[in-house]
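>
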Amino acid sequence: MSGLLDVIGGILLIGGTAFLAFGGLGLLRMPDTYTRIQAGTKATTLGTLLTLLGIAFLQPAWALKLLLIMLFLMFTNPLSSQVLARAAHRAGIAPAPQTRADKLAEDEEGAA
Amino acid sequence: MIALIATTGFALAMLIAAVVALRTRATAVAVIAAGLVSLFASVLFLFLAAPDVAMTEAAIGSGLTTFLFFFVLGRIRRESGHDQ
Amino acid sequence: MLDAFLITAASLIGLALTFAMARFLRGPRAVDRVVAFDALTIVSLSAIVLAGLVTGRAIYLDVALVYALLSFLGVIVAARYLEGGEE
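Protein chains in written order, with my numbering: chain V, 44 to 155; chain B, 34 to 117; chain A, -16 to 70.
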């Protein structure tokens, strides 16, 4: 039984850290600020959640506190990525040339 | 062995962030780089088995100092904008 | 078996930290650097919890919680400042 929990936890741990590494790669390789925000916060959020879940499987006594941290991350990370994207938009950073839709600019034109 | 590699890596990253904070021209970038130095310092304290020091460093260095710097920078910008 | 898992996880976290640090060094605009800072914080949080697993001390989780809360505040304030334009 304990062996099974260890295997599940180890696989979740490897999956989560692989998401972290790919998120970092996306952060380095993406063409403009907005896509970098997507790679740098979405992928790393999922990676951290999976890593913490894996550690909760490996160390069941810590599960409650780890769940608290995961809940907190689920609230704060999307918020910070949204605020960053809005800041980039208001600072007037141009998106990559292949971008096809800019709904925030359309909304602000409609409101004005 | 792996603890030694991790500690050395974080120390190197901390030095790089400190060099960025010294050499950049933009104020905002310097403040963020200083926050990064505190962040790595706190992880380093943790790896050197001092969790309470790490918690204080994360709270004061990385959180409060960055918050205070940006608050004051925004205040300065707003007030100088009124004057001109 | 578990050792192999832990070493692989630690190497992948090191890779993520290297990539995010490279973006922090290059990042043409200040917003890019804040994004890299955010990613570095999240990845370091995973590193802290992993170190707690290796050493088996539960106080590392409290450090991780404080870390998440305060870096989140820092990113929000930095973004609010950068909304008004750089410099």
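Just so you know, even glycine gets a beta-carbon here, dropped at the ideal spot from N, CA and C.
Given the structure is predicted, the values throughout are model-derived calculations rather than measurements.
Which same chain residues end up closer than 7 Å to THR60/V when comparing Cβ atoms and leaving out the 5 residues on each side of it in sequence?
Counting from one through the first sequence, the residue named residue 60/V turns up at place 17. Result list for THR60/V: GLY90 and THR94, in chain order.
> Since SER29/A meets chain V, which of its residues come closer than 8 Å, beta carbon to beta carbon?
For the purposes of this step, residue 29/A is identified with residue 46 of the third sequence, where counting begins at 1. GLY59, THR60, LEU63, GLY90, THR91, THR94 and LEU95, listed in chain order.
> Which of the three DSSP states, helix, strand or coil, is assigned to ILE136/V?
Position 93 of the first sequence, counted from the start, is the residue given in the question as residue 136/V. Residue state, collapsed to three classes: coil.
> PHE80/B: which of ALA47/A, ASP21/A and MET4/A sits nearest, CA to CA?
Counted from its first residue, the second sequence places residue 80/B at position 47. That would be ALA47/A, whose Cα lies nearest to the Cα of PHE80/B.
> CB PHE73/B to CB MET47/B, shorter than 8 Å?
The sequence position of residue 73/B within the second sequence is 40, counting from 1. The sequence position of residue 47/B within the second sequence is 14, counting from 1. Yes, the Cβ-Cβ distance between PHE73/B and MET47/B is below 8 Å.
> Kindly indicate if chain V contains any beta-carbon less than 8 Å away from that of ARG89/A.
Because residue 89/A is not part of the residues shown, which for chain A are -16 to 70, the question remains open.
> Using 8 Å for Cβ pairs, my map puts ALA62/A next to LEU28/A. What's the rounded Cβ distance?
Working through the third sequence from its first residue, we reach residue 62/A at position 79. Working through the third sequence from its first residue, we reach residue 28/A at position 45. The pair is not a contact, with the Cβ atoms about 19 Å apart (cut-off 8 Å).
> Does ALA87/B come out as helix, strand or coil in the three-state DSSP assignment?
In the second sequence, the residue the question calls residue 87/B occupies position 54. Note: ALA87/B maps to helix in three-state DSSP.
> Cβ closer than 7 Å: which chain V residues qualify as neighbours of ARG12/A?
Residue numbering aside, residue 12/A sits at position 29 when the third sequence is read from its first letter. THR76 and ILE136, listed in chain order.
> Excluding the five sequence neighbours on either side, which residues of its own chain have a C-beta within less than 7 Å of the C-beta of PHE103/B, listed in chain order?
Stepping through the second sequence from its first residue, residue 103/B is reached at position 70. Hits under 7 Å: VAL64.
> I need the straight-line Cα distance from ARG6/A to SER54/A, nearest angstrom please.
By 1-based counting over the third sequence, the position of residue 6/A is 23. By 1-based counting over the third sequence, the position of residue 54/A is 71. Each residue's Cα considered, the two are about 18 Å apart.
> Any beta-carbon of chain A closer than 8 Å to the one on PHE115/V?
Locating residue 115/V in the first sequence gives position 72, where the first residue counts as 1. Chain A, which has a Cβ nearer than 8 Å to the Cβ of PHE115/V, makes this yes.
> Using the three-state DSSP reduction, which class does ASP75/V fall into: helix, strand or coil?
Taking the first residue of the first sequence as position 1, residue 75/V is located at position 32. Note: ASP75/V maps to coil in three-state DSSP.
> Would you kindly work out how many angstroms separate the C-alpha atoms of LEU33/A and GLU112/B, rounded to a whole number?
For this step, residue 33/A is matched to residue 50 along the third sequence. For this step, residue 112/B is matched to residue 79 along the second sequence. If I take the Cα positions, the gap works out to 46 Å.
> Measuring only between beta-carbons, confirm whether VAL49/A sits less than 8 Å from chain V.
Counted from its first residue, the third sequence places residue 49/A at position 66. No - not a single Cβ of chain V is within 8 Å of the one on VAL49/A.
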